[in-house]
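One structure is given here, and the rest of the page talks about it.
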Amino acid sequence: MRTGEVNKKLEHVVAKTVAAFMNSDGGSLFIGVDDHGNAIGLELDYGTFSKKDRDGFQLHLANIFDKYLGKDVMKLWKLDWPSYDDKQICNVQVARANKPVYVTSEGKEEFFVRKEGSSQPLSRAEEHEWNRGRF
């Protein structure tokens with residue numbers, strides 16, 4: 001839902017999706033595209049930041065990743081800014097990590113992977129099995 005304000009729940013969803021890609025085989029997260037593949041653009045998102053443009057959006061994403069995933073992941077993502085249906089969108093290109101990446105929120109660490117097109121949390125035992133021989 002687009003409210004014209006920063007959506008903290010959506011920030012957490014973005015962080016866990018990116019972490020899940022890092023803990024799997026990498027991938028791309030498209031922002032500014034709805035669940036049906038329609039471009040909705042980033043203009044309303046730009047309006048929620050003090051710097052109301054692509055640079056402000058990029059800084060906000062970097063802050064989200066730093067807050068939830070830590071500084072170690074900085075080299076594992078990059079942004080591309082394609083236009084689709086005359087609307088600018090953001091493609092977050094995510095590389096596979098060489099060590100586990102956790103989402104830290106409210107003092108709790110969670111481990112996510114990509115399975116069947118979604119970000120799935122794993123228990124510690126499942127995480128151990130997932131990571132065995134991978135890292």
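Once you know that position 50 of the sequence shown is 50 in UniProt numbering, the rest is easy, because the numbers rise by one and skip nothing. Glycine residues also receive a C-beta, built at the ideal position from the N, C-alpha and C atoms. Owing to the predicted nature of the structure, the values given are computational and were not obtained by experimental measurement.
Spatial neighbours of residue i within its chain, please: C-beta separation below 7 Å, excluding the five flanking residues on both sides.
i	result
Ser-105	His-12, Tyr-68
Lys-108	none
Counting only the same chain and skipping the five closest in sequence on each side, list residues whose C-beta sits under 8 Å from that of residue i.
i	result
Phe-57	Leu-42, Asp-45, Tyr-46, Phe-49, Cys-90
Met-1	Here the model assigns Met-1 a pLDDT of 46, short of 50, so the residue's position is not dependable, and the following value carries that caveat. The residues are Asn-7.
In terms of residue numbering, what span does the beta strand (DSSP E) encompassing residue i cover?
i	result
Asp-80	77-80
Could you have a look at residue i and say whether DSSP puts it in helix, strand or coil?
i	result
Ile-64	helix
Val-14	helix
Lys-115	strand
Lys-87	strand
Gly-27	strand
Lys-51	coil
Starting from residue i and walking both ways along the alpha helix (DSSP H), at which residues does that stretch end?
i	result
Leu-44	43-46
Asn-38	Premise fails: Asn-38 is in no alpha helix (DSSP H) and is neither H nor E.
Arg-96	Looking at the DSSP string, Arg-96 is not in any alpha helix (DSSP H), and its letter there is neither H nor E.
Please report the distance separating the alpha-carbon of residue i from that of residue j.
i	j	result
Gly-27	Arg-114	9 Å
Gly-133	Ser-118	23 Å
Ala-97	Val-73	8 Å
Ser-123	Phe-135	17 Å
Phe-21	Trp-77	10 Å
Asp-80	Val-92	7 Å
Lys-71	His-36	33 Å
May I ask you to check if the CB of residue i is nearer than 8 Å to at least one heavy atom of the ligand FAD?
i	result
Val-14	Judged by which ligands are present, the structure shown has none, so any question about the ligand FAD falls away.
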